[in-house]
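Scroll down for the structure; my scribbles are underneath it.
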Amino acid sequence: MIDFELSDAIKNSRRMTHMVAEQMMRPISREYDEREHEKPTEFLETMWNVSRGASMTGDPSDKEKKGPSEKTLAMVVTVEELCWGDCGLYLSIPNAGLGGAAVAAAGTPEQKERFLARFKDGAPKWGAMAITEPGAGSDSSAITTTAVKDGDHWVLNGTKIFCTSGLMAAEKSEGFVVVWATLDKSQGRAAIRAFVVDHGTPGMYVTKVESKLGIRVSDTAQIVFEDCRIPLDNILGSAEVKKTAQGFKGVMATFDATRPIVAASAVGVARAALDYVKDVLKEQGVEIRYGLPPHKLTALERDVMEMEAQVQAARLLVWRAAWMIDQGLHNNLEASISKAKAGLVVTWVTQKAVELLGPLGYSRANLVEKWMRDAKISDIYEGTQQINQLIIARRILNYSSEALR
Amino acid sequence: MVNFQPSEEQELLRQTLADFARDAIRPQTRDADEKDAVPAELPAKGWELGLVQDAIPEAFGGYGSPRSAVGGTLMLEELSYGSLAIALHLLSARLVTVPLVTLGTPEQQQAWLPRFTGAEFAAGSAALVEPRWDFDATAPSTTAEKSGGDWVLRGAKCLVPLAAEAAAILVYAKAPDGLAAFLVERGAKGLTVGEREKNMGIKALATYGLQLDGVRVPAAARLGGDGAPVQQLIDASRIASAAAAVGVARAAFDYAREYAKERKAFGVAIAQKQAIAFMLSNMAIEIDAIRLLAWEAAWRIDKGLPATREAALARQYAADQCLKVCDNALQILGGHGYIRDHLVELHLRDSRAFATIDGLAIV
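Residue numbers (my numbering), protein chains in the order written: chain A, 1 to 405; chain B, 1 to 363.
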């Protein structure tokens with residue numbers, strides 16, 4: 001039965017999360033945007049203490065639950081709220097992150113215990129995922145980082161970039177980095193595997209922390225692996241290279257779970273900008289008159305309505321993709337649809353908000369210009385707009401990756 | 001709990017109508033458009049499916065299913081996938097019955113509903129849109145004034161479906177206390193049904209202008225009595241419009257997708273070119289977006305929540321995006337898209353209707 005009513009449990013957690021966003025994130029939002037590369041230690045400690053072990057920041061270790069779940073839906077609602085507060089701060093929150101998602105999806109019970117249990121207590125920790133390389137972005141099958149078996153170890157060599165929370169995961173906490181590497185370059189994607197590299201492993205160096213357009217509080221690291229030796233059982237999935245490319249597919253499948261969450265963060269930022277515009281208008285006594293024909297509306301009203309419809313469309317697409325995960329349905333197409341739509345929407349809505357607010361929008365005295373800068377990453381990471389369109393196109397056309405390149 | 005799965009009953013209905021649209025409607029879509037006429041056998045077939053009777057209480061000869069705006073959106077999407085014009089023809093009685101079920105007094109339901117639960121197709125109609133560029137559905141220029149115990153209607157209407165054969169016409173007008181709707185007999189004194197209109201699209205649907213020169217109706221003809229919340233019907237109309245747009249957009253999308261997989265250029269199917277493939281991706285995204293906006297607004301109606309905002313946003317979004325989807329579908333066919341041998345130009349013409357037609361309170 002089609003229903004858009006959130007459960008009471010989700011509504012309550014949304015209310016709580018909104019308070020966190022409003023009272024803990026917004027007040028430090030500007031400060032840590034300006035003080036790039038500095039960590040909001042107090043905020044991070046607090047978030048760690050309230051959220052560790054809970055689903056709030058995505059600890060994926062308790063995946064095996066029975067019955068109809070609302071877990072993913074709850075998560076996208078939470079993430080929207082947190083990113084309404086500040087999406088850079090949200091990305092900085094200590095948790096197992098994308099690396100944890102990969103371990104949860106492809107790891108053995110022993111690996112889950114070894115790598116994920118640590119996120120339940122102790123000092124704040126981060127997990128990270130290192131895929132992108134200077135010469136391989138969207139085409140992740142073109143990565144050149146190698147993993148070579150040497151006795152009881154895998155030896156990793158290569159350079160990874162754009163690794164979110166890489167610094168915190170590799171060097172500044174007892175976290176880990178999940179690294180994609182190839183067992184045999186000649187075998188293409190069939191030979192790509194993910195490896196877990198524990199924090200402080202010799203041969204893993206953070207060589208650069210990027211300076212960015214937005215989400216400045218979140219560290220984006222370059223990590224070099226130089227004869228980095230890790231235990232044999234740190235590989236996720238089988239070490240056997242088969243033509244079926246199951247290993248690669250397995251890791252790619254984690255994107256079906258993470259894309260709706262990234263899309264939810266985009267919806268949060270878009271809503272922040274939209275709410276700001278509406279609040280300013282309300283203060284000035286400007287009412288949006290829904291339901292009148294276009295010729296009776298001001299250009300401003302039309303713009304705001306268009307923004308509202310776009311944000312709501314993106315939100316519903318995110319909810320659907322999340323709901324499908326909770327139902328155990330394959331959501332590869334819908335995940336990419338939500339991500340592609342939300343990425344475009346947040347980019348457009350935040351740019352429109354800056355435009356509509358004139359000098360108020362452009363000024364760093366307000367947060368709107370920051371949201372516009374923060375927004376753009378949503379259309380790039382976790383699959384660019386174009387990669388998601390490619391995935392959607394293959395699905396709707398029933399084409400393989402060979403038929404539509 | 002949030003749920004994107006139609007109920008089993010709704011799914012069954014959806015599937016039945018999808019089959020009907022594909023097998024019975026779609027093969028006739030082009031011909032109907034060229035001939036400006038709905039194929040003679042289709043209204044009877046639609047009638048047999050119970051499209052109208054379904055949501056009418058058993059006491060008045062209907063099947064007694066509760067009104068479901070969500071169910072209505074599913075129905076409209078599927079039928080409009082076949083043909084927007086034919087869908088609106090088959091559903092024309094709902095222009096009267098759904099408002100009656102929603103807002104009508106027991107006496108009005110008793111007096112009017114049985115006309116639409118007979119053995120054969122009976123047309124109904126609604127008159128909201130007016131022939132002027134600055135038309136506003138929430139404040140029409142057609143007026144209703146009290147005179148003695150009666151109401152007197154004055155004004156001009158256009159895009160009134162099946163006005164020449166309708167068993168009843170629901171006329172929307174501005175009363176002193178706000179927007180109102182009146183149940184009017186087609187033969188009422190002072191009511192003139194004009195020439196059949198010639199429109200850009202939805203050609204198979206017969207629409208007419210109406211002239212109301214002091215049409216006198218009894219007080220009991222005001223739908224729901226004085227002060228009835230007629231805005232709810234405007235909301236429903238907009239949701240119906242959005243739902244129909246999903247069907248039209250999907251029809252154009254499917255056509256373009258199949259063409260793109262067949263048509264070869266530079267040695268491969270043009271769908272294998274990202275320039276084409278990405279147009280199709282964007283179309284798919286927007287079709288889903290319109291559908292979910294329509295569903296949510298419809299769900300609000302079913303829940304008894306205010307839906308004016310959501311309905312207005314969904315309708316505008318749907319009108320914009322459906323037009324864009326159809327335009328891109330035509331573009332994918334290139335020169336062939338411009339030729340009337342293919343359906344996409346028809347969908348483009350039909351899609352332009354969504355920013356104009358109104359008063360379709362049929363969900």
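Positions of the beta carbon are idealized from the N, C-alpha and C atoms, including for glycine.
Closest option to S65 of chain B, judged by alpha-carbon separation, among B:L74, B:E77, B:L79 and B:G50: B:G50. A residue is called buried when at least 16 other Cβ atoms come within 10 angstroms of its Cβ; Q15 of chain B does not meet this threshold and is exposed.
The criterion of a C-beta distance shorter than 8 Å is satisfied by A375 of chain A and V269 of chain A.
S218 of chain A sits away from L98 of chain A, with the two beta carbons spaced by 8 Å or more. The region 33–73 of chain B contains, as complete alpha helix (DSSP H) runs of 4+ residues, the segments 42–48 (chain order). Selection B:L12, B:A59 and B:V70 evaluated against N3 of chain B yields B:V70 as nearest (Cα-Cα).
Residue pairing by DSSP places K249 of chain A opposite no residue, since no beta bridge is assigned to it. A126 of chain B carries a strand assignment under DSSP once its states are collapsed to helix, strand and coil. Contact of M305 of chain A with chain B is assigned, a C-beta pair being separated by under 8 Å.
With a threshold of 8 Å between beta carbons, D288 of chain B makes contact with chain A. Per DSSP, S29 of chain A is one residue of the alpha helix (DSSP H) stretching across R26 to E34.
CA-CA distance, R302 of chain A to P293 of chain A, rounds to 10 Å. Contact between the region 219–236 of chain B and the region 254–269 of chain B is absent: fewer than three C-beta pairs spanning the two stretches fall below 8 Å. Taking C-beta atoms as the reference points, T201 of chain A and I230 of chain A count as a pair closer than 8 Å. Contact between the region 231–249 of chain B and the region 353–363 of chain B is established, with three or more Cβ pairs separated by less than 8 Å.
Boundaries of the alpha helix (DSSP H) around R257 of chain B: Q231 to E262. For the 8 Å CB-CB criterion, L330 of chain B and G337 of chain B form a contact. Excluding residues up to 5 positions away in sequence, G124, A168 and L170 lie with their Cβ nearer than 6 Å to the Cβ of V96 of chain B in the same chain. Taken through DSSP and simplified to helix, strand or coil, R22 of chain B comes out as helix.
Judged by DSSP in its simplified three-state form, K198 of chain B adopts coil rather than helix or strand. Where W151 of chain B is concerned, the enclosing beta strand (DSSP E) starts and stops at D150 to P161.
Residue burial is scored here from C-beta neighbours: R364 of chain A has fewer than 16 other C-beta atoms within 10 angstroms and is therefore classed as exposed.
Within the DSSP bridge table, the entry for W126 of chain A names no partner. In this structure D139 of chain A is exposed. Its beta-carbon is surrounded by fewer than 16 other beta-carbon atoms within 10 angstroms. Taking a contact to require three or more Cβ pairs closer than 8 Å, the region 337–346 of chain A and the region 258–275 of chain A qualify as touching.
Judged by DSSP secondary structure, D8 of chain A falls outside any beta strand (DSSP E) and instead within the alpha helix (DSSP H) spanning D8 to V20.
Close to chain B, meaning a Cβ-Cβ distance shorter than 9 Å, are the following residues of the region 278–297 of chain A: I288, Y290, G291, L292, P293, P294, H295 and K296. DSSP, reduced to helix, strand and coil, places M204 of chain A within a strand of the structure shown. Shown here, G88 of chain A sits in a helix according to DSSP, grouped into three states. Rounded to whole angstroms, the Cβ separation of I288 of chain A and V304 of chain A is 5 Å, and the two are in contact under 8 Å.
Rounded to whole angstroms, G361 of chain A and L300 of chain A show a C-alpha spacing of 15 Å.
V2 of chain B sits in coil when the DSSP states are folded into three classes, being neither helix nor strand. Within the region 6–23 of chain B, P6, S7 and Q10 place their CB atoms closer than 8 Å to a CB of chain A, listed in sequence order. Unbroken alpha helix (DSSP H) runs of no fewer than 4 residues, entirely contained in the region 255–342 of chain A, are found at 299–326, following chain order. Contact annotation: V98 of chain B and R67 of chain B have beta-carbon atoms nearer than 8 Å. Taken through DSSP and simplified to helix, strand or coil, E133 of chain A comes out as strand.
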